[in-house]
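Notes follow the structure.
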Amino acid sequence: MRGETSSSNSKKSRRFSFQASSAAAAPPAAAPNAKNVKQMLLDWCRAKTEPYEGVDIQNFSSSWKDGIAFCALVHRFFPDAFEYSILNPNKPKENFQLAFSTAERLAGCPPLLDADDLVRMNEPDWKCVYTYIQEFYRCLVEKGLVKTKKRP
446 MRGETSSSNS KKSRRFSFQA SSAAAAPPAA APNAKNVKQM LLDWCRAKTE
496 PYEGVDIQNF SSSWKDGIAF CALVHRFFPD AFEYSILNPN KPKENFQLAF
546 STAERLAGCP PLLDADDLVR MNEPDWKCVY TYIQEFYRCL VEKGLVKTKK
596 RP
């Protein structure tokens, strides 16, 4: 039993020192970089949905709560997939389902979000929306529908 305690303490020490050294080794620019990527993706969403009536993307949460922003973003790349002008912001579940099923069918974007879950929330969790938009963007890049800048 004594050996177990010693071993347990040893594991805790190693874990603590690993965590401490990992934090110390992280480059100071890591956090701002993530913030820049998030802002760039938000700006991209704004630019792509700008011509769409009823869409005002200010964040990755409340701006997406009625599903219209998702539909506008998907419609921008697949304009023949559905009639955007007939969407109703008072029917968020239908909007979410339309956007996600179209993105899955035409862009190969996996359905990471569930319409029922989003409707139950007062406003969507920004991390969930952000993750979905990142994946949608990645799928569009893979399909050649979005061009990315070459890195040096």
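Read in my numbering, the sequence shown has 491 at position 46, and its numbers run on one by one without any break.
Where a beta carbon is used, it is the ideal one built from N, C-alpha and C, also for glycine.
Separation of residue j from residue i, as counted between CA atoms
{"i": "residue 499", "j": "residue 594", "result": "30 Å"}
{"i": "residue 562", "j": "residue 592", "result": "32 Å"}
{"i": "residue 486", "j": "residue 580", "result": "11 Å"}
{"i": "residue 569", "j": "residue 503", "result": "13 Å"}
{"i": "residue 497", "j": "residue 518", "result": "9 Å"}
{"i": "residue 524", "j": "residue 480", "result": "31 Å"}
{"i": "residue 530", "j": "residue 588", "result": "26 Å"}
{"i": "residue 549", "j": "residue 501", "result": "24 Å"}
{"i": "residue 551", "j": "residue 542", "result": "14 Å"}
{"i": "residue 488", "j": "residue 586", "result": "17 Å"}
Beta-carbon gap between residue i and residue j smaller than 8 Å
{"i": "residue 557", "j": "residue 577", "result": "yes"}
{"i": "residue 571", "j": "residue 505", "result": "yes"}
{"i": "residue 575", "j": "residue 483", "result": "yes"}
{"i": "residue 521", "j": "residue 494", "result": "yes"}
When the options are compared against residue i, the one with the closest alpha-carbon
{"i": "residue 490", "options": "572, 509 and 587", "result": "509"}
{"i": "residue 560", "options": "538, 546, 551 and 548", "result": "538"}
{"i": "residue 532", "options": "550, 513, 549 and 542", "result": "513"}
{"i": "residue 535", "options": "564, 550 and 551", "result": "564"}
{"i": "residue 567", "options": "542, 507 and 501", "result": "507"}
Distance between beta carbons of residue j and residue i, contact taken as under 8 Å
{"i": "residue 492", "j": "residue 515", "result": "16 Å between Cβ atoms; not a contact."}
{"i": "residue 511", "j": "residue 478", "result": "The Cβ separation is near 31 Å, so there is no contact."}
{"i": "residue 573", "j": "residue 554", "result": "With a Cβ gap of about 14 Å, residue 573 and residue 554 do not count as contacting."}
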